[in-house]
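Peer 1: Here you go, one structure.
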Amino acid sequence: MFDLDRWREIFQTLSKNKLRTALSGFTIAFAILLFTLLFGMGNGLKHFFEREFSGDAMNSVYINSGITTKPYKGFQSGRRIQFRNDDTKFINEKFEEDIAFFSPNIQRNNVLAIYKGNQNRYTVRGVYPDYQPLESAVIEKGRFISFLDLKKRAKVLAIGRLVEEDLFGNKSALGKNINLDGISYQVVGVFSDPGGDNDERFIYTPFTTAQGMYRENDELDYFGLTYNPKLSVDQALSFTSMLTKMLKEKHGVDPRDQGALRVRNYAEGAKNVQQFIMVLNVIILFIGIGTLIAGVIGISNIMVYIVKERTKELGIRKALGATPKSIISMIMQESIFVTAIAGYLGLMMGVFVLKGIGDNLEKYFIVNPSVETYVVVGATIVLIVAGTIAGYIPATRAARIKPIVALNDE
Numbered sequence: 001m002f003d004l005d006r007w008r009e010i011f012q013t014l015s016k017n018k019l020r021t022a023l024s025g026f027t028i029a030f031a032i033l034l035f036t037l038l039f040g041m042g043n044g045l046k047h048f049f050e051r052e053f054s055g056d057a058m059n060s061v062y063i064n065s066g067i068t069t070k071p072y073k074g075f076q077s078g079r080r081i082q083f084r085n086d087d088t089k090f091i092n093e094k095f096e097e098d099i100a101f102f103s104p105n106i107q108r109n110n111v112l113a114i115y116k117g118n119q120n121r122y123t124v125r126g127v128y129p130d131y132q133p134l135e136s137a138v139i140e141k142g143r144f145i146s147f148l149d150l151k152k153r154a155k156v157l158a159i160g161r162l163v164e165e166d167l168f169g170n171k172s173a174l175g176k177n178i179n180l181d182g183i184s185y186q187v188v189g190v191f192s193d194p195g196g197d198n199d200e201r202f203i204y205t206p207f208t209t210a211q212g213m214y215r216e217n218d219e220l221d222y223f224g225l226t227y228n229p230k231l232s233v234d235q236a237l238s239f240t241s242m243l244t245k246m247l248k249e250k251h252g253v254d255p256r257d258q259g260a261l262r263v264r265n266y267a268e269g270a271k272n273v274q275q276f277i278m279v280l281n282v283i284i285l286f287i288g289i290g291t292l293i294a295g296v297i298g299i300s301n302i303m304v305y306i307v308k309e310r311t312k313e314l315g316i317r318k319a320l321g322a323t324p325k326s327i328i329s330m331i332m333q334e335s336i337f338v339t340a341i342a343g344y345l346g347l348m349m350g351v352f353v354l355k356g357i358g359d360n361l362e363k364y365f366i367v368n369p370s371v372e373t374y375v376v377v378g379a380t381i382v383l384i385v386a387g388t389i390a391g392y393i394p395a396t397r398a399a400r401i402k403p404i405v406a407l408n409d410e
């Protein structure tokens, strides 16, 4: 039950002992502030690495052709490997169970795009509809390339958000025609990409359309695919190795030749990032626990000192009829109140500092440093419990002292 007189007494005690109250509050606020900053910086590091890998699906694989560096089966070194449409059929037939999404690709760089008086140069990619999840592209308007577009060899485009901004300003590009190297294409979709500005300046068109325009004899540039998400990281790496081996056999490449085919599997990078984040979480946890322990020790020492300093006061209270229970309750309420208020102030200061410096830390690999509210609230509760225990033990001892002994205490 709320006791107004008790709270008046507590506020009176705090106001009479401003320095003591300020030191107690500072210890608690500083512990929570430091805890918030450490966790915020740790989360900022995690956000940086997560962002770096967000531009593509974490289970994506890209296969590029190269130049042979070793002679093999009558072929000389220095031979360029050329992918063709039959490689598409080969990969899908051999690894149907292991592949989730698949797209052969044709890429043309520095293509001039014109819309009325505006023009700029972009990278144009001819892809299958399956390429959208590979790049984690999010359709903002309209749609992506469809299989019907592939069948009809339609002259349609899905353009990045910044392409729309460059060529159309504040107007929508949907349904408008863009001229690419003298040929008119209709915009059927606008996408955004978590990979950032560079990925939002790509233009996608149907693979069959791009192949007819830019390649001869069913040639293509590279493959992109995502492996079955049911595969573990080790299974995904094994799948990639087998795929590379079979493609080398198909194209007459020495198995030891590292230059003929270049396979980039995001699974390995994802595994390394996961391990790094796990280690980082452990380090942050230990630092956070250490910070809290330091705060607990500080609160405990202050509470012991406070109770000892008030021994005479407690003796007078007992002499006037105060029960041990009421004395303990008063000290506990005071302890909890100071800890809660100081903890909240420390939390607010920590959040304010993180917001203030957040945009300036990207060069140190820290992005959006922040901390979940429940984490800091939990830390504050730990300090409140610690403050309660720290106040309870000496308060219990003080409440047992006889008034005459307490009054004679120096």
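The sequence shown begins at 1 in this note's numbering and counts up by one. We put the CB at the ideal spot given by N, CA and C, even for glycine. Note that the coordinates shown come from a computational prediction; the quantities given were computed from them, not determined experimentally.
1) Could you check whether leucine 231 and valine 59 sit closer than 9 Å to each other, using their CB atoms as the reference points?
2) Is the segment 93 to 107 touching the segment 150 to 161, taking contact as three or more C-beta pairs under 8 Å?
3) Count the other CB atoms, across all protein chains shown, that sit within 10 Å of the CB of arginine 8; report buried if there are 16 or more and exposed otherwise.
4) Indicate the three-state DSSP secondary structure (helix, strand or coil) for alanine 158 in the structure shown.
5) Please report the residue range of the alpha helix (DSSP H) in which isoleucine 178 lies.
6) Three-state secondary structure (DSSP) at tyrosine 415?
7) Suppose you measure from the CA of glutamate 313 to the CA of threonine 339; what does that come to, to the nearest Å?
8) Do you know how far the Cα of isoleucine 114 is from the Cα of arginine 161?
9) Since I believe valine 382 is in contact with leucine 347 (beta carbons under 8 Å), could you give me their beta-carbon distance rounded to a whole number of angstroms?
10) So, are the CB atoms of leucine 167 and isoleucine 183 less than 9 Å apart?
11) Between the C-alpha atoms of lysine 211 and isoleucine 106, what's the straight-line distance to the nearest angstrom?
12) Just the Cα atoms here: how many angstroms apart are leucine 174 and valine 263?
13) How would you call methionine 1, buried or exposed, if buried means at least 16 neighbouring beta carbons within 10 angstroms?
14) Does the Cβ-Cβ distance between tyrosine 227 and alanine 236 come in under 9 Å?
15) From glycine 321 to isoleucine 331, what distance separates their C-alpha atoms?
16) Grab the span of the alpha helix (DSSP H) containing asparagine 85 for me, first residue to last.
17) By how many angstroms is the C-alpha of threonine 208 removed from the C-alpha of glutamate 219?
18) Figure out for me which residue from Pro133, Phe276, Gly66, Asn120 has the closest Cα to the Cα of leucine 45.
19) From the DSSP output, read off the bridge partner residues of alanine 113.
20) Only counting the same chain, and skipping five residues up and downstream in sequence, which positions put a Cβ closer than 8 Å to that of glycine 66?
Peer 2: Judging by the given coordinates:
1) The sequence given here places asparagine at residue 59; valine does not occur at that position. Yes. Within cutoff.
2) no
3) exposed
4) strand
5) Element bounds for isoleucine 178: not the alpha helix (DSSP H) but the beta strand (DSSP E), 177 to 180.
6) There is simply no residue 415 to check, as the chain begins at 1 and stops at 410 in what is shown.
7) 22 Å
8) 16 Å
9) Actually they are not in contact, since the Cβ atoms of leucine 347 and valine 382 sit about 13 Å apart, beyond 8 Å.
10) no
11) Residue identity check: residue 211 is glutamine in the sequence provided, not lysine. Cα-Cα distance, rounded: 7 Å.
12) 36 Å
13) The pLDDT assigned to methionine 1 is 47, lower than 50, so where the model puts this residue is not dependable; a value taken from the coordinates is nonetheless given after this. Classification of methionine 1: exposed, given that the 10 Å Cβ count is below 16.
14) yes
15) 17 Å
16) 85 to 94
17) 11 Å
18) Phe276
19) Asn120, Leu180
20) Arg80, Ile81, Gly259, Ala260, Leu261, Arg262
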